[in-house]
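Before any comments, here is the structure.
2 protein chains.
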Amino acid sequence: MERGAATGRRVDLELMRTPPPKERADAARNRVKVLDAAAGLFARHGVESVSMDAVAAAAGVGKGTLFRRFGDRAGLAAALLNQRERALQDAILSGPAPLGPAPLGPSEAGEAVAPSDRLHAFADAYLDYALDHLSLVRMSETATPGARYRLGAYGFWHRHLVILLDQMGDAVRDSEASAHALLAVLGAEHLAAMVESVGRDRARAAVHTVFDVATA
Amino acid sequence: MERGAATGRRVDLELMRTPPPKERADAARNRVKVLDAAAGLFARHGVESVSMDAVAAAAGVGKGTLFRRFGDRAGLAAALLNQRERALQDAILSGPAPLGPAPLGPSEAGEAVAPSDRLHAFADAYLDYALDHLSLVRMSETATPGARYRLGAYGFWHRHLVILLDQMGDAVRDSEASAHALLAVLGAEHLAAMVESVGRDRARAAVHTVFDVATA
DNA sequence: GGCCGAATAGGACTATAGTCCGGTTGACTC
DNA sequence: GAGTCAACCGGACTATAGTCCTATTCGGCC
Chain D
-3 MERGAATGRR VDLELMRTPP PKERADAARN RVKVLDAAAG LFARHGVESV
47 SMDAVAAAAG VGKGTLFRRF GDRAGLAAAL LNQRERALQD AILSGPAPLG
97 PAPLGPSEAG EAVAPSDRLH AFADAYLDYA LDHLSLVRMS ETATPGARYR
147 LGAYGFWHRH LVILLDQMGD AVRDSEASAH ALLAVLGAEH LAAMVESVGR
197 DRARAAVHTV FDVATA
Chain A
-3 MERGAATGRR VDLELMRTPP PKERADAARN RVKVLDAAAG LFARHGVESV
47 SMDAVAAAAG VGKGTLFRRF GDRAGLAAAL LNQRERALQD AILSGPAPLG
97 PAPLGPSEAG EAVAPSDRLH AFADAYLDYA LDHLSLVRMS ETATPGARYR
147 LGAYGFWHRH LVILLDQMGD AVRDSEASAH ALLAVLGAEH LAAMVESVGR
197 DRARAAVHTV FDVATA
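Pasting the structure below:
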């Protein structure tokens, strides 16, 4: 049942990613030029000190083009992260356990994976993703107040956690609210501060400690 | 020992609040004008749709004056919150249990208060404070990336939590990192999203669930 | 009560995110 | 291969946070 719901959702995300059907040749060319230029500038000067003007200039396009296609700073960051983020989502939906669901052999139910194990696997995988691209994730989440919670990806992580928490039975009272609380600890802004304060390893451990709430 | 450390810190905060010694009469007059004007505009039009220009104009001062005194948007918000925030800090340092320390009767140790009770009392009191002024707290935390973690107040809350977690013995591995994680759930940005999504009561309950980590 | 150094006031100035609209170009049809 | 129309392009334009420099004002002191 839960898997069905999750798969349905994946189709939704799929549709959201490919708006209508076509893209004009010049638009595609410019999209690539912009993404390449942005990646280069970000790598060379650091994400936060590159202005949108600079990206447009380096890509050889006008500001109108840049903003029309990506919406705003956060959208540009999201586009750059798209590939990695999607890989993580695919691994969750259909990859091997414990991050993904139990393997679906031809026989009905394979080995069951404890939801709490999947919870911790998610925390680990998400931290790998976020810490590797912290500046970009931060840019995508903090460009505008509340941006993080309007991101399509946030909805995905949230639903995944809700499903896992619901599978844990009565240990978790309010899975919806609890999922939000768990995601708070994975916010880029917070991760950045925590890493700066105590380093990656201790930050990671602290995240797992919070994710134990549900297990208790 | 811990109380001694906490008291010493309070003195630090005290000193930070009263920079050198004096304030010129015109400066004091203008500070009041600005705070009044800002409070009025914020109440009438909502915090996020009031520009700093508008505040300066309504207060009848120049932009230079406004920014010189308060630094930036976040500083203005912090100044408006100062009174409430300080009341909460005082209650934590010297108020009645369980939010404050155990009452210090003339006889040595009064009734001991369990650290976990103080932890939950803090969560409640902080939520009362933050939810009552959510827009302002949010403005003080999100004006600039990472602003929240540079705020003096953040350091205060963090130290308070570290002290309580340390008092809980071996249940908590890394009190410093754990305190950061707990505070993540109290971030204004996150609280706003959570309240919008599930309402105040469920948000409050979820915070307490996370604060149980330490108790487990 | 007038003088002098220092802090303050104020508004012109810069930098940057994001909007708008007239002109251009691409894709599809006949 | 020319015509048509929507989508796209680009840069001028707006709004806003924050900076800077000069004239003013304060307040202690003679």
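Residue numbers (our numbering), protein chains in the order written: chain D, -3 to 212; chain A, -3 to 212.
Note that beta-carbon positions come from the ideal geometry of N, C-alpha and C, so glycine has one too.
Only a predicted model underlies this, so the values are computations on that prediction, with no experimental measurement involved.
If one requires a minimum length of 4 residues, the alpha helix (DSSP H) runs lying completely within the segment 102 to 139 of chain A are 111 to 128 and 130 to 138, in chain order. Assigned with DSSP and collapsed to three states, D208/D falls in coil, not helix or strand.
In the three-state scheme derived from DSSP, where H, G and I count as helix and E and B as strand, V168/D is classed as coil.
Its Cα nearest to that of E44/A, the residue P141/D stands out among S45/D, R82/D and P141/D. Straight-line measurement puts the Cα of A175/A at about 6 Å from the Cα of L157/A. Boundaries of the alpha helix (DSSP H) harbouring Q79/D: R69 to S90, taken from the DSSP string. In the three-state reduction of the DSSP assignment, K18/D falls in the coil class.
Per DSSP, Q163/A is one residue of the alpha helix (DSSP H) stretching across G148 to Q163. Counted as a single uninterrupted DSSP element, the alpha helix (DSSP H) harbouring G60/A occupies residues K59 to F66. Under the three-state reduction of DSSP output, A23/D falls in the helix class. In terms of Cβ geometry, V181/A and A177/D form a close pair [threshold 9 Å].
Spatial neighbours of A75/A in its own chain (CB-CB distance under 7 Å, excluding positions within 5 residues in sequence) are listed in chain order as L31 and F66. Interface annotation, A202/D: in contact with chain A, CB-CB separation under 9 Å. With respect to chain D, the C-beta atom of Y145/A has a partner C-beta closer than 9 Å.
Taking all protein chains shown into account, N26/D has 16 or more neighbouring C-beta atoms within 10 Å of its C-beta and is therefore buried.
For the pair of segments examined, the segment 192 to 202 of chain A was found not to touch the segment 193 to 204 of chain D: the number of CB pairs separated by less than 8 Å stays below three. E172/D reaches chain A at V194, counting residues in chain order whose Cβ is nearer than 7 Å. Looking at A149/D, A202/D and Y122/D, the one whose alpha-carbon comes closest to that of G71/D is A149/D. For a Cβ distance threshold of 7 Å, nothing in chain D lies close to V30/A: the least Cβ distance comes to about 23 Å. Taking every protein chain shown into account, the CB of H129/D has 16 or more other CB atoms within 10 angstroms, so this residue is buried.
With a cutoff of 9 Å on beta-carbon distance, R169/D and A110/A are scored as not near each other. Annotated three-state conformation of A93/A is coil, per DSSP. Close to R169/D, with beta-carbon spacing below 8 Å, are these residues of chain A in chain order: A201 and T205.
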